[in-house]
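The numbering of the sequence shown is my numbering, which starts it at 4 and goes up by one. For glycine and all other residues, C-beta sits at the position ideal for the given N, C-alpha and C. Structure first, commentary second.
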Amino acid sequence: MSRSGGCQCGAVRFRVEGELGRASICHCRMCQKAFGAFFGPYVAVQPHQVTWTRGAPAHFQSSNKVRRGFCPACGTQLTFEGTEADAPWFDLAIGAFDQPQAIRPTVQLGLEGKLPYVDELASLREQKLDDAAVGYYASVVSHQHPDHDT
């Protein structure tokens with residue numbers, strides 16, 4: 004099985020060959036900050052499964068044990084990499100895959116950092132766009148890279 008993905012601007016693209024490992028969401032504060040979101044969704048792979056097909060991630064050493072890869076052009080979070088010999092994990096951001104809907108998380112981690120309202124998100128009121136908003140969104144021209152290799 005082969006899966007592809009990349010960053011928002013398309014400067015960094017990857018392909019993963021073979022089966023994926025554990026898919027998770029992490030609620031720790033470092034993942035929240037790395038994604039600028041409520042949690043960080045990742046899937047484990049072996050480093051040898053990943054080929055960077057366009058560009059390569061830059062890295063930030065977010066702790067003494069982990070570095071995070073991101074697109075140097077647009078900042079999209081891409082990797083979570085253990086840097087010690089006894090913790091050689093390599094995870095990819097689920098949202099960076101071209102078909103993230105095919106990767107279902109099976110576990111939540113870092114629950115001590117979980118924001119108190121995350122479990123209530125599905126119960127939030129839903130609101131349809133009004134005519135002005137529909138017109139505005141119809142006029143948006145996306146500069147985001149498409150969800151496939153080009």
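Using a C-beta cut-off of 8 Å, the stretch 11 to 31 makes contact with the stretch 76 to 86, since at least three inter-stretch Cβ pairs fall below that distance.
The three-state reading of DSSP puts residue 137 in helix, counting H, G and I together. In the DSSP assignment, residue 70 falls within the unbroken beta strand (DSSP E) covering 69 to 73.
Here residue 70 has 62, 64, 84, 86 as same chain residues with Cβ atoms under 6 Å from its own Cβ, once five neighbours each way along the sequence are excluded. For residue 38, the enclosing alpha helix (DSSP H) has its first and last residue at 32 to 38. Under the three-state reduction of DSSP, residue 50 is assigned to helix. Within the stretch 76 to 150, the beta strand (DSSP E) runs of at least 3 residues that lie entirely inside it are, in chain order, 80 to 85, 93 to 96, 110 to 112. Looking at the backbone, the Cα of residue 147 and that of residue 89 are separated by about 38 Å. For the pair residue 5 and residue 18, the Cα-to-Cα distance works out to about 7 Å.
Under the three-state reduction of DSSP, residue 18 is assigned to strand. Only buried fits residue 60, as 16 or more other CB atoms lie within 10 angstroms of its CB.
Cα atoms of residue 52 and residue 20: separation of roughly 5 Å, rounded to the nearest angstrom.
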